[in-house]
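Chains as they are written, first to last, in my numbering: chain E, 2 to 488; chain F, 24 to 104.
Inspection log for the structure reproduced underneath, given as structure tokens.
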Amino acid sequence: MRNAARLLVVTLLLSLPLFGQYGWNATVTLADNTTWCATGNCLTSIGGVTVETKAGVDGTIYGLNSAGAVFTYTHAAGWAEAASALQKAGGLAIEHISVGSAANVLAQTTGSNNVYILNSAKTAWTLLAGGGTCADAEIGADGDIWCLASGDIFHWVSGAWVNIAGSATSLSVGDAHNVWVANSAGSLFTFNASGGWSVVSPGFAVSAAINAIAAAGETAIAAIDTSGGIHVSANAGASWSTILGAATSIAGGGPFTFVRSSSGVSYHLNLTVPSLSVPGYGTWPCPPSACEQGGNCAPGCVGENTVSATAKFGGVGGAHGTAGVTAQQTAPPATYINIQATEEATFCDVFYIEDGYSQECEAIGNGTALDGTGRELGSSSFLPVTVQIEGALTQAFWNGTPPSCSPNRVCTYAVQNNCTAATTPPDLNMAAVTSGDYVGIATYVSWMNAAGCIRFNIAGPWVCTKPLSFANAINVAMPPYPCTYNP
Amino acid sequence: MVFLKLALLVFATVCALALFTYVWVAARTTGPWLVGKNQGATGIDINVVSLLTLRSPIYWLFALAILAAATWLCRRWVLAP
Numbered sequence: 002m003r004n005a006a007r008l009l010v011v012t013l014l015l016s017l018p019l020f021g022q023y024g025w026n027a028t029v030t031l032a033d034n035t036t037w038c039a040t041g042n043c044l045t046s047i048g049g050v051t052v053e054t055k056a057g058v059d060g061t062i063y064g065l066n067s068a069g070a071v072f073t074y075t076h077a078a079g080w081a082e083a084a085s086a087l088q089k090a091g092g093l094a095i096e097h098i099s100v101g102s103a104a105n106v107l108a109q110t111t112g113s114n115n116v117y118i119l120n121s122a123k124t125a126w127t128l129l130a131g132g133g134t135c136a137d138a139e140i141g142a143d144g145d146i147w148c149l150a151s152g153d154i155f156h157w158v159s160g161a162w163v164n165i166a167g168s169a170t171s172l173s174v175g176d177a178h179n180v181w182v183a184n185s186a187g188s189l190f191t192f193n194a195s196g197g198w199s200v201v202s203p204g205f206a207v208s209a210a211i212n213a214i215a216a217a218g219e220t221a222i223a224a225i226d227t228s229g230g231i232h233v234s235a236n237a238g239a240s241w242s243t244i245l246g247a248a249t250s251i252a253g254g255g256p257f258t259f260v261r262s263s264s265g266v267s268y269h270l271n272l273t274v275p276s277l278s279v280p281g282y283g284t285w286p287c288p289p290s291a292c293e294q295g296g297n298c299a300p301g302c303v304g305e306n307t308v309s310a311t312a313k314f315g316g317v318g319g320a321h322g323t324a325g326v327t328a329q330q331t332a333p334p335a336t337y338i339n340i341q342a343t344e345e346a347t348f349c350d351v352f353y354i355e356d357g358y359s360q361e362c363e364a365i366g367n368g369t370a371l372d373g374t375g376r377e378l379g380s381s382s383f384l385p386v387t388v389q390i391e392g393a394l395t396q397a398f399w400n401g402t403p404p405s406c407s408p409n410r411v412c413t414y415a416v417q418n419n420c421t422a423a424t425t426p427p428d429l430n431m432a433a434v435t436s437g438d439y440v441g442i443a444t445y446v447s448w449m450n451a452a453g454c455i456r457f458n459i460a461g462p463w464v465c466t467k468p469l470s471f472a473n474a475i476n477v478a479m480p481p482y483p484c485t486y487n488p
Numbered sequence: 024m025v026f027l028k029l030a031l032l033v034f035a036t037v038c039a040l041a042l043f044t045y046v047w048v049a050a051r052t053t054g055p056w057l058v059g060k061n062q063g064a065t066g067i068d069i070n071v072v073s074l075l076t077l078r079s080p081i082y083w084l085f086a087l088a089i090l091a092a093a094t095w096l097c098r099r100w101v102l103a104p
């Protein structure tokens, strides 16, 4: 037995080179694509002909056609006419829509007192408390509402409109901290902490058209210039990138930015794409007796070793075509090699091409190691499918809407996600919680909900198990929670 | 060795009971088992777990069956010479 163990150890030691000490990994992340978009086409048509397309920071999309019909757009269903109850607000035709997020949608009708909010059940438009008549009303991801009326600017605060000094031709609200206006001179302004406007100099004149600017979240801002040029900034206007193409209006922000062409067709602006990194690393151990000259092994692994790593994408490939990017280093076996190949899937629209399952979204990583004679020391390849698993947390609240209860006092409460704007929409999207009978006891209950989630493609849709919910507040409003968010 | 086997059995039994309880409660509440982002999930408040389990004789029947199986395994595997 002892001899067998010795034989095994000796055999393992002698065959170390066969086992190889070079390794490769593959990591897919989301990367900024604006550099590519300056010269490459980043516009993906989502079809439809609208007179207005609006999008929220979470990718919620609404559209109005020339007949005033309200449509919504989803990956699965494409453009679909909204329920008949949403086609009119207060019995009047809808002439403008604003989308902050799925939970914060605004409709503006003809006539006076024309600002309506989509109710929490998304079944009807509710007249904004306090009324008011706007020429252009916009809502942010956190429900913050602003209005232009005869060029004057108003902010809806605690149920009343507050006039803010200045005049503007277009307005956009990311959230309460990211509000922008443009004036007739084409200048761009952002609302500052002092309650005034700070001028931003983007280097172009902003179009005077409504929906010429689009703010989203805390720092994203995009604008259309007077020639239809498309410009985006991810840092509150500190720096701008120009996108190849032309448009008449813009909406949303970040990964969910949309433009509308002069013919009314809407396009997704593919500003965020998958990026594949394949690092290759390691040294090559030689049997001691063979490492005699200059760190090289002999015989059997003569000369320097070459390690390479390749990152590419399927279909027509990524930023560097079908061949992708190959990193390579040649060094003596004892020298630590550390290389990395990185490629971006510039033709992959993970959000609006077949739910991200196009060939151009398939990440392919390869790695090989050869010795000086061309003998393969090791290799690795990575499947294009990326499986991701996570535990997701989402805070959600019930606001007093009567629940449906069974005879054994188990009730189902309709809930709304209560996440920060930066983590909206959460990976675990809550619709209801089954709980005890709080009727007559509470008008507000907040739950923290936990579930296991899985997805099979980077930025693909998360699928979650039925969550477990833990009540964390009753009759005390909870602030938004940084929910699990990995788009 | 016996202690390790016993610890493993206890751990497996707790896991089996927890999993069975989750499946039992999920089956008795509304909403899909697996939910995509576009659908909206229905959570199960842990406060109602007792309402849906402890008062159900059938739940107790299955739970006791798991415990009986664990006892049988304890005698046949853990305490086996």
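The C-beta atom is built at its ideal place from N, Cα and C for all residues, glycine as well.
A quick note: this is a predicted structure, and the numbers were derived from the prediction, not measured.
* Asked: L272(E): which of T35(E), Q22(E), L31(E) sits nearest, CA to CA?
  -> Nearest neighbour of L272(E) by Cα position, chosen from T35(E), Q22(E), L31(E), turns out to be T35(E).
* Asked: Within the chosen definition, does the region 51–62 of chain E reach the region 479–486 of chain E through at least 3 CB pairs nearer than 8 angstroms?
  -> no
* **First through last residue of the beta strand (DSSP E) which encompasses L272(E)** => It is not in any beta strand (DSSP E) - L272(E) carries neither H nor E in the DSSP assignment.
* **V326(E), enclosing beta strand (DSSP E) - first and last residue** => Unbroken beta strand (DSSP E) run through V326(E): 326–332.
* When the distance is taken between beta carbons, is L74(F) closer than 7 angstroms to V411(E)? -> yes
* Asked: For the putative contact between A252(E) and K89(E), defined by C-beta atoms under 8 angstroms, what is the C-beta separation to the nearest angstrom?
  -> Actually they are not in contact, since the Cβ atoms of A252(E) and K89(E) sit about 22 angstroms apart, beyond 8 angstroms.
* **is_contact[M2(E), chain F] using C-beta, thresh 7 angstroms** => At M2(E), the pLDDT of 35 sits below 50, so the modelled position is not reliable; the number obtained from the coordinates is stated separately. No, its Cβ sits nowhere closer than 7 angstroms to a Cβ of chain F.
* Verify the CB distance criterion: does I67(F) have a CB-CB separation below 7 angstroms to chain E? => Judged by the 7 angstroms Cβ criterion, I67(F) is in contact with chain E.
* Neighbourhood of A108(E) by C-beta distance below 6 angstroms, restricted to the same chain and skipping five residues each side -> A90, I95, I98, Y117, W126
* Since I believe P468(E) is in contact with A452(E) (beta carbons under 8 angstroms), could you give me their beta-carbon distance rounded to a whole number of angstroms? => 4 angstroms
* Asked: Can you tell me whether DSSP reads T35(E) as helix, strand or coil?
  -> helix
* In three-state DSSP terms, what is P280(E)? -> Strand.
* Whose C-beta lies closer than 6 angstroms to the C-beta of P289(E) among residues of the same chain, with five residues either side of it excluded? -> Caution is warranted here: a pLDDT of 49 is assigned to P289(E), below 50, making its placement in the model unreliable, and the coordinate value is therefore given only provisionally. None.
* When burial is assigned at 16 or more other CB atoms within 10 Å of the CB, is V100(E) buried or exposed? -> buried
* Based on Cα-Cα distance, which residue from W181(E), A320(E), A342(E), A161(E) lies nearest to P280(E)? -> A342(E)
* State the CB to CB distance for the pair I340(E) and A310(E), rounded to an integer number of angstroms; the pair is presumed to be in contact (CB under 8 angstroms). => 6 angstroms
* To do: In the DSSP assignment, find the unbroken beta strand (DSSP E) run with K313(E) in it and report its ends.
  => 306–314
* Asked: Can you list, in chain order, the residues of its chain whose CB lies under 7 angstroms from that of G24(E), leaving out five sequence neighbours each side?
  -> Y282, G283
* **Euclidean distance between Cα positions of T53(F) and A443(E)** => 22 angstroms
* To do: Quickly, what does DSSP pair A108(E) with across the bridge? List them, please.
  => A108(E) pairs with I98(E), Y117(E).
* To do: Note down, in chain order, all residues in the region 468–480 of chain E with a beta-carbon under 8 angstroms from any beta-carbon belonging to chain F.
  => P468, L469, S470, F471, A472
* **Within-7 angstroms CB hit, T413(E) to chain F** => yes
* Asked: Identify the residues that DSSP records as bridge partners of T30(E): which are they?
  -> S276(E)
* Asked: In terms of alpha-carbon separation, which member of I225(E), G218(E), A217(E) lies closest to A206(E)?
  -> I225(E)
* Can you give the Cα-Cα distance for L9(E) and Q22(E), rounded to whole angstroms? -> Low confidence applies here, because L9(E) scores a pLDDT of 42, under 50, leaving its location unreliable; read the following figure in that light. Straight-line Cα distance between these residues: approximately 19 angstroms.
* **Residue of I365(E), A83(E), L128(E), V58(E) minimising C-alpha distance to N66(E)** => Closest by alpha carbon: A83(E).
* **Under the three-state DSSP convention, the category I123(E) falls into** => Just to set this straight, residue 123(E) is Lys in the shown sequence, not Ile. DSSP places K123(E) in coil when its eight states are reduced to three.
* Same chain only: Cβ atoms within 6 angstroms of R456(E), ignoring 5 sequence neighbours per side -> Same-chain partners within the cutoff: Q389, W463.
* **In DSSP terms, what M449(E) is bridged to** => DSSP lists Q396(E), F471(E) as partners of M449(E).
* Could you give the distance in angstroms between the alpha-carbon of L42(F) and the alpha-carbon of S250(E)? -> 52 angstroms
* Nearest-angstrom Cβ-Cβ length linking N473(E) and T395(E), presumed shorter than 8 angstroms -> Their Cβ separation, rounded to whole angstroms, is 12 angstroms, which puts N473(E) and T395(E) out of contact at 8 angstroms.
* Assumed close pair E361(E), F314(E) - CB separation to whole angstroms, cut-off 8 angstroms -> The Cβ separation is near 6 angstroms, so the contact holds.
* Could you please give me the residues that DSSP links to W25(E) through a beta bridge? => The partner list for W25(E) (beta bridge, DSSP) reads G281(E).
* Asked: When every heavy atom of the ligand GTP is checked, does at least one fall within less than 6 angstroms of the C-beta of E219(E)?
  -> Because no ligand of any kind appears in the structure shown, any question about the ligand GTP cannot be addressed here.
* **Own chain partners of S447(E) with C-beta closer than 6 angstroms, once the 5 adjacent residues on each side are dropped** => F398, N473, A474, M479
* Give me the Cα-Cα distance between W241(E) and G254(E), rounded to the nearest whole angstrom. => Separation of W241(E) and G254(E) (C-alpha to C-alpha, rounded to the nearest whole angstrom) is 14 angstroms.
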